[in-house]
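Chemist: Below is the structure I would like to discuss, written out as structure tokens.
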Amino acid sequence: MRRPLRHFAAATAVGLAVLLATASLPALGEPTAPAGTPRHEAKWFVELTSQPTTSGGSGAAVARQQGSFRDTVRRAVPDAVIGRTYQSLFNGFSVRADAADIAQVAELPGVRAIYPVFPVSAPEARSATPSAVSPLEVTGAAAAQSALGLTGEGVKVGIIDSGIDLDHPDLGGNGVPGGTAFPSAKVAHGYDFVGDDYGSGPAVPDARPDDCAGHGTHVAGIVAADGGVTGVAPKATLGAYRVFGCSGGTDTAVILDAMERAQADGMDVVNLSLGASFQAWAQYPTAAAADRLAASGVIVVAAMGNDGANLGQSLGAPASGRDVIAVAAFESNTTPRAAWFSSWGLAADLELKPDIGAPGVGIYSTVPLGDGNPYAAMSGTSMASPHVAGAVALLMQAHPGLTATQALTRLQNTASPAQFPSSSVSTALDPIQRQGAGLLRVDKAAAAEALVTPSKISAGEGTDGPHTTTLTISNPTTSAVTWTPSLAHATTTRPDPQSGNTQNTLLYGTQRARVTFGRGSITVPPRGTAQLTVTVDAPSDGVEGTVYGGFVVLTPDVGEARRVPFAGMAGDYGNVDLLASMNRGLTTLAHATCESRWDSICLDEKPAWQPATGDVAYHPADLPAVAVHLAYPTLSMVVSVYRADALGRPVEASRQNLLSWNRMGRSEQVSLYFWDGMVASPTGPTSAPPGDYVLRVSAEAPDGDGRVQHWTSPAFTWGEQAAPI
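Counting in our numbering, the final residue of the sequence shown is number 772, and the numbers go up one at a time with none missing.
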């Protein structure tokens with residue numbers, strides 16, 4: 048559906064970064080009663096135990112299990128409302144329920160896991176001056192089109208976004224608002240999952256994925272415009288999967304639905320210029336679904352996000368998927384340089400992210416006709432990602448049958464690394480966790496003959512010892528080629544202790560990884576392969592938490608070098624300061640107000656709060672809150688409430704878990720968690736009796752070694768609000 052354009056939007060969508068667990072931390076013991084209360088309803092993903100069909104599950108088995116689950120929920124948890132159904136990329140549902148009901152759902156037969164459905168904000172406008180240098184020139188797309196004859200013809204690219212202006216002449220329209228039939232030859236597939244008023248009202252799906260927000264049209268033009276502007280793959284066919292209304296946000300349940308539809312429609316490439324910020328774990332449903340999509344033969348490209356001001360591990364899902372091509376934004380210059388706003392890796396499990404960079408500053412592309420001018424310049428990783436999606440379309444045309452791994456290999460082997468922009472470490476390259484393999488060069492990627500696999504090395508944490516990888520070098524030519532390995536080191540980073548150990552403030556350095564090669568040169572026979580072992584060890588002078596990286600550079604006796612980026616963390620990832628102080632006295636009890644809450648989590652962008660000091664008392668009009676800065680992703684996090692004894696110590700037998708999550712992303716700034724004064728009882732949630740209580744936050748280290756960091760509050764008083772005198 049389509050109505051007149053209300054506004055133009057072109058920044059990356061954002062979301063939250065928490066993940067519900069179905070059980071409490073084993074290291075902490077079992078809760079004494081079910082977690083949660085009926086105070087707020089929220090949406091949840093419910094994953095069932097059978098594999099989805101893309102992962103080999105039987106369609107009949109999935110249908111039977113889902114039918115049984117529906118029947119059980121109707122009987123056992125009648126207030127839980129089942130929403131969307133998923134079968135191919137995720138076996139399960141979206142469910143609306145309060146925390147008490149979802150805790151019951153988690154215990155039903157056949158349930159594997161529960162995850163929150165995150166709200167994803169509508170992209171806000173980030174207008175810009177058009178770049179002086181053409182992104183097509185910078186990325187080699189112009190050369191790929193002119194010299195190699197690549198246009199993306201025959202390749203289908205799905206755009207999961209705010210829809211596409213079906214009337215835009217550059218995108219197959221006739222230039223008359225509302226005058227173009229759908230599907231068209233250009234936009235041949237798609238669906239509107241939400242309708243115009245979604246964000247302020249319920250979803251009203253329809254078959255026409257027209258765009259009245261603008262973001263999707265801008266993204267689509269970067270991929271495949273063919274007219275007043277030229278996209279990277281101007282002859283590619285598009286699919287439009289609309290997940291945003293004219294204004295307002297969406298959520299990850301809608302996005303997952305669109306991913307399944309794009310797969311069913313036979314898309315070859317799917318672009319997602321959106322995501323849940325700071326959700327750096329690959330296990331979150333949209334990231335896991337993207338990995339399954341890639342395994343099925345669809346190449347998934349996703350924006351890293353626009354949270355670069357928060358530096359380390361600020362990427363989101365689905366970019367965090369292991370087989371997703373995660374894209375950083377670069378300035379549109381002939382000299383590669385990462386954009387300041389582009390989100391950083393590494394992923395939560397220290398997987399090297401981002402994978403590749405592309406222009407994302409001042410990108411001139413299509414916007415809906417209703418905006419007056421059918422073109423505009425915008426900035427964001429939303430603009431970088433479609434450059435790579437279009438490049439993948441060119442690669443698929445040049446190399447039919449290309450897989451996600453093969454596409455990434457070509458992109459990373461031939462990318463151009465960026466220098467660090469600071470004079471203090473001017474001899475070093477930009478941090479790998481910001482630039483990935485460097486700036487896209489699709490002409491070189493398409494023409495490359497010799498390739499090196501794997502195309503990136505994730506070295507993990509230093510306490511695991513040296514990480515050895517065997518690189519395989521191919522040679523499809525009729526002549527032997529000799530390669531010489533060398534190193535190019537990148538700038539290192541670590542949290543600044545003077546800033547309270549937050550990743551929002553980093554120290555930069557020149558510590559160098561210790562890298563050794565199995566031999567000094569390697570000759571690859573004609574039409575053959577040869578192998579080279581590479582051992583990466585953390586810098587000897589890298590303090591714990593230092594993220595290091597660089598490139599293995601393989602230079603042939605004839606032709607251009609190939610590069611393999613590597614990255615890792617010095618020291619023990621399980622020993623980093625999870626509950627960082629930020630020099631703000633965190634973690635602490637707080638007095639806070641919150642306009643918008645999801646379950647017990649404050650969603651406000653800048654919530655009002657202050658530390659609670661002295662003898663702290665709370666009441667129903669001033670709920671107990673704890674202010675936390677989670678400096679790193681955590682494998683598990685629990686917030687618990689206890690009765691306090693006469694000395695203010697927690698009474699262990701009284702413990703109840705208020706919140707319990709699995710694989711939680713780091714905080715952006717300060718996260719607020721509330722207790723609403725309810726506790727579990729044999730008859731259900733009830734008001735806690737007046738008295739003294741304690742809150743405890745427990746965060747499990749992200750490396751899986753089982754270590755847990757705790758913070759326990761001072762005792763506070765809970766009771767009725769005093770009557771005014």
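No residue lacks a Cβ here, since even glycine has one placed at the ideal position from N, Cα and C.
Quantities reported herein were computed from a predicted structural model and do not represent experimental measurements.
Please go through the same chain and pick out, in chain order, the residues whose beta-carbon is closer than 7 Å to the beta-carbon of aspartate 624, but skip the five residues on each side of it.
Modeler: Here residue 624 refers to the residue found at position 577 when the sequence shown is read from its first residue. Correct list, in chain order: Asn548 and Ala678.
Chemist: By how many angstroms is the C-alpha of leucine 362 removed from the C-alpha of alanine 356?
Modeler: The residue given as residue 356 occupies position 309 in the sequence shown. The residue given as residue 362 occupies position 315 in the sequence shown. Approximately 11 Å between the Cα atoms of the pair.
Chemist: Rounded C-beta distance between valine 204 and alanine 271? I'm assuming under 8 Å.
Modeler: On the sequence shown, position 157 is the one that residue 204 refers to. On the sequence shown, position 224 is the one that residue 271 refers to. Confirmed, about 6 Å.
Chemist: Here's the rule: buried if 16 or more other CB atoms are within 10 angstroms of the residue's CB, otherwise exposed. What is asparagine 551?
Modeler: Position 504 of the sequence shown, counted from the first residue, corresponds to residue 551. With 16 or more Cβ atoms within 10 Å of its Cβ, asparagine 551 is classed as buried.
Chemist: DSSP three-state call for proline 761: helix, strand or coil?
Modeler: Counted from its first residue, the sequence shown places residue 761 at position 714. Proline 761: coil per DSSP, three-state reduction.
Chemist: Report the partner residues of phenylalanine 564 according to the DSSP bridge assignment.
Modeler: For the purposes of this step, residue 564 is taken as residue 517 along the sequence shown, with counting starting at 1. Note: phenylalanine 564 sits in a beta bridge opposite Val581.
Chemist: If we ignore side chains and look at the alpha-carbon of each, how far apart do valine 35 and leucine 393 end up?
Modeler: The chain is shown from 48 up to 772; residue 35 falls before or after that span and cannot be answered.
Chemist: In angstroms, rounded to a whole number, what distance separates the CA positions of valine 600 and alanine 691?
Modeler: Position 553 of the sequence shown holds residue 600. Position 644 of the sequence shown holds residue 691. Cα to Cα, valine 600 sits roughly 60 Å from alanine 691.
Chemist: Do you know whose CA, among Val276, Thr227, Arg289 and Phe229, lies nearest tyrosine 245's CA?
Modeler: For the purposes of this step, residue 245 is taken as residue 198 along the sequence shown, with counting starting at 1. Tyrosine 245 has its Cα closest to that of Arg289, out of Val276, Thr227, Arg289 and Phe229.
Chemist: Take every Cβ of the stretch 277 to 294, pair it with every Cβ of the stretch 180 to 200, and state whether three or more of those distances are shorter than 8 Å.
Modeler: A contact exists between the stretch 277 to 294 and the stretch 180 to 200.
Chemist: Cβ of threonine 540 within 8 Å of Cβ of alanine 475?
Modeler: For the purposes of this step, residue 540 is taken as the residue at position 493 of the sequence shown. For the purposes of this step, residue 475 is taken as the residue at position 428 of the sequence shown. It is not a contact, given that the beta carbons lie outside the stated cut-off.
Chemist: Return the Cβ separation of threonine 101 and serine 343 in integer angstroms, given the expectation that the two are a contact with Cβ distance under 8 Å.
Modeler: Taking the first residue of the sequence shown as position 1, residue 101 is located at position 54. Taking the first residue of the sequence shown as position 1, residue 343 is located at position 296. Sure, about 5 Å apart at Cβ, within 8 Å.
Chemist: Round the Cβ separation of proline 658 and tyrosine 665 to the nearest angstrom and send it over; I've been treating them as touching at under 8 Å.
Modeler: Indexing the sequence shown from 1 puts residue 658 at position 611. Indexing the sequence shown from 1 puts residue 665 at position 618. Their Cβ separation, rounded to whole angstroms, is 14 Å, which puts proline 658 and tyrosine 665 out of contact at 8 Å.
Chemist: Could you check whether the stretch 486 to 498 touches the stretch 552 to 570, counting it as contact only if at least three pairs of C-beta atoms, one from each stretch, sit closer than 8 Å?
Modeler: Touching, no.
Chemist: Sort out for me which residues DSSP pairs aspartate 315 with in a bridge.
Modeler: Walking along the sequence shown from the start, residue 315 turns up at place 268. In the DSSP output, where bridge partners are listed per residue, aspartate 315 has none listed.
Chemist: With phenylalanine 798 and valine 164 assumed to form a contact (beta carbons below 8 Å), what rounded beta-carbon distance in angstroms separates them?
Modeler: A query on residue 798 cannot be resolved here, the shown segment of the chain reaching from 48 to 772 and no further.
Chemist: With C-beta atoms as the reference, is valine 234 less than 8 Å away from isoleucine 211?
Modeler: Position 187 of the sequence shown, counted from the start, is the residue given in the question as residue 234. Position 164 of the sequence shown, counted from the start, is the residue given in the question as residue 211. In contact: valine 234 and isoleucine 211 (Cβ atoms closer than 8 Å).
Chemist: Rounding to the nearest angstrom, what Cα-Cα distance links serine 412 and leucine 358 in this structure?
Modeler: Reading the sequence shown from its first residue, position 365 is the one you call residue 412. Reading the sequence shown from its first residue, position 311 is the one you call residue 358. Taking the straight line joining both Cα atoms gives about 28 Å.
Chemist: So which of Pro433, Ala423 and Ala337 has the shortest CA-CA distance to alanine 375?
Modeler: Here residue 375 corresponds to residue number 328 of the sequence shown, with the count starting at 1. When each option's Cα is compared against that of alanine 375, the closest is Pro433.
Chemist: What is the DSSP secondary structure of serine 432, reduced to helix, strand or coil?
Modeler: The residue you call residue 432 lines up with position 385 of the sequence shown. Serine 432 falls in the helix class under three-state DSSP.
Chemist: What are the start and end residues of each continuous beta strand (DSSP E) run of 3 or more residues lying completely inside the stretch 389 to 441, in chain order?
Modeler: Segments of the beta strand (DSSP E) lying fully in the stretch 389 to 441: 403 to 406, 410 to 413 and 422 to 425.
Chemist: Rounded to a whole number of angstroms, what is the C-alpha to C-alpha distance between valine 675 and phenylalanine 721?
Modeler: Counting from 1 along the sequence shown, the entry for residue 675 is found at position 628. Counting from 1 along the sequence shown, the entry for residue 721 is found at position 674. Computed Cα separation, rounded: 11 Å.
Chemist: With DSSP collapsed to three states, give me the class of alanine 95.
Modeler: Mapped onto the sequence shown, residue 95 falls at position 48. A small correction: the amino acid at residue 95 is leucine; alanine does not occupy that position in the sequence shown. Strand at leucine 95.
Chemist: Considering only C-alpha positions, which residue in the set Thr96, Val414 and Asn622 is nearest to histidine 262?
Modeler: Here the question's residue 262 lines up with position 215 in the sequence shown. Out of Thr96, Val414 and Asn622, Val414 has the C-alpha closest to the C-alpha of histidine 262.
Chemist: Quick check on DSSP: helix, strand or coil for asparagine 460?
Modeler: What you label residue 460 is simply residue 413 of the sequence shown in a count that begins at 1. Reduced to three states, the DSSP call for asparagine 460 is helix.
Chemist: Could you have a look at phenylalanine 116 and say whether DSSP puts it in helix, strand or coil?
Modeler: For the purposes of this step, residue 116 is identified with residue 69 of the sequence shown, where counting begins at 1. Here phenylalanine 116 sits in helix by DSSP.
Chemist: Using 8 Å as the threshold, is the stretch 436 to 454 in touch with the stretch 144 to 155, meaning 3 or more CB pairs across them?
Modeler: No contact exists between the stretch 436 to 454 and the stretch 144 to 155.
Chemist: Please classify arginine 117 as buried or exposed, where buried requires at least 16 other C-beta atoms within 10 Å of its C-beta.
Modeler: Residue 117 sits at position 70 when you count from the first residue of the sequence shown. Result: exposed.
Chemist: State the start and end residues of the unbroken alpha helix (DSSP H) segment that holds histidine 236.
Modeler: As a working note, residue 236 is residue 189 in the sequence shown. Per DSSP, histidine 236 belongs to no alpha helix (DSSP H); it is in the beta strand (DSSP E), 234 to 239.
Chemist: Given this structure, state the Cα-to-Cα distance separating aspartate 584 from leucine 397, to the nearest angstrom.
Modeler: Counting from 1 along the sequence shown, the entry for residue 584 is found at position 537. Counting from 1 along the sequence shown, the entry for residue 397 is found at position 350. Rounded to the nearest angstrom, the two C-alpha atoms are 14 Å apart.
Chemist: Between Met629, Thr582, Asp723 and Arg369, which has its C-alpha nearest leucine 706's C-alpha?
Modeler: Residue 706 sits at position 659 when you count from the first residue of the sequence shown. Nearest C-alpha to leucine 706: Asp723.
Chemist: Which residues in the same chain as alanine 630 place their Cβ atom closer than 7 Å to its Cβ, once the five residues preceding and following it in sequence are excluded?
Modeler: Position 583 of the sequence shown, counted from the first residue, corresponds to residue 630. The residue you asked about is not alanine; residue 630 is asparagine in the sequence shown. Hits under 7 Å: Ser546 and Gly547.
Chemist: Taking the DSSP output, what are the residues bridged to glycine 597?
Modeler: Position 550 of the sequence shown, counted from the start, is the residue given in the question as residue 597. His536 and Phe613, per the DSSP bridge assignment.
Chemist: Rounded to whole angstroms, what is the Cα-Cα separation between arginine 610 and serine 502?
Modeler: Here residue 610 corresponds to residue number 563 of the sequence shown, with the count starting at 1. Here residue 502 corresponds to residue number 455 of the sequence shown, with the count starting at 1. Straight-line Cα distance between these residues: approximately 8 Å.
Chemist: Which residue wins for smallest C-alpha separation from threonine 764, given the options Leu742, Ala748, Ala746 and Pro737?
Modeler: As a first step, residue 764 is located in the sequence shown; it is residue number 717 there, counting from the start. Checking every option, the nearest Cα to that of threonine 764 belongs to Pro737.
Chemist: Since I believe tryptophan 758 is in contact with threonine 557 (beta carbons under 8 Å), could you give me their beta-carbon distance rounded to a whole number of angstroms?
Modeler: Here residue 557 refers to the residue found at position 510 when the sequence shown is read from its first residue. Here residue 758 refers to the residue found at position 711 when the sequence shown is read from its first residue. In fact, because the Cβ distance is near 35 Å, the residues do not count as touching under 8 Å.
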